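The sequence shown runs 22 to 136 under the working numbering.
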Amino acid sequence: QVQLVESGGGLVQPGGSLRLSCAASRSIFSINAMGWYRQAPGKERERVAIIAVGGNTNYADSVKGRFTISRDNAKNTVYLQMNSLKSDDTAVYYCNAFLHPYDYWGRGTQVTVSS
């Protein structure tokens with residue numbers, strides 16, 4: 022089992038940057054994959070970025086080139102660096118950990134991109 026706590030959300034202007042953090046309650050070294058998902062009002066939750074245990078990453082087309090996911094195994098933390106933010110990026114961002122065969126979720130952090 023693993024508990025996840027997100028932080029780093031907030032209000033930012035279009036074109037700005039934010040870095041989200043996801044702190045895990047246990048070592049993430051052996052967690053199969055960790056990722057970030059988001060859900061905007063009236064829309065389904067969508068995958069933003071994932072990073073596998075070996076370091077391979079995968080991004081949604083809408084964030085490629087703007088967002089970067091990384092993991093610090095020593096700190097049991099996963100990050101999402103978000104640059105060139107757009108209003109369409111406004112959503113609640115959730116951290117996910119896949120520890121076979123279960124999925125674990127954080128409570129989410131709000132990101133609002135607005136002038």
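Even glycine gets a Cβ: it sits at the ideal position worked out from N, Cα and C. Every value quoted in this text rests on a predicted model; they were computed, and no experiment measured them.
Considering Cα atoms alone, identify which of 42, 103, 32 and 75 is closest to residue 117. 42
Can you give the Cα-Cα distance for residue 67 and residue 108, rounded to whole angstroms? The alpha-carbon atoms of residue 67 and residue 108 are separated by roughly 16 Å.
Restricting to Cα atoms, I'd like to know which of 53, 75 and 35 is closest to residue 123. 53
Would you check if the distance between the CB atom of residue 69 and the CB atom of residue 58 is smaller than 8 Å? yes
Buried or exposed for residue 82, going by 16 or more other Cβ atoms inside 10 Å? exposed
Going by beta carbon distance, what residues of the same chain come within less than 6 Å of residue 96, once the five residues before and after it are set aside? Sequence-distant partners of residue 96 (beyond 5 residues in either direction) whose C-beta falls short of 6 Å from its own C-beta are missing from its chain.
Can you tell me whether residue 82 is helix, strand or coil according to DSSP? coil
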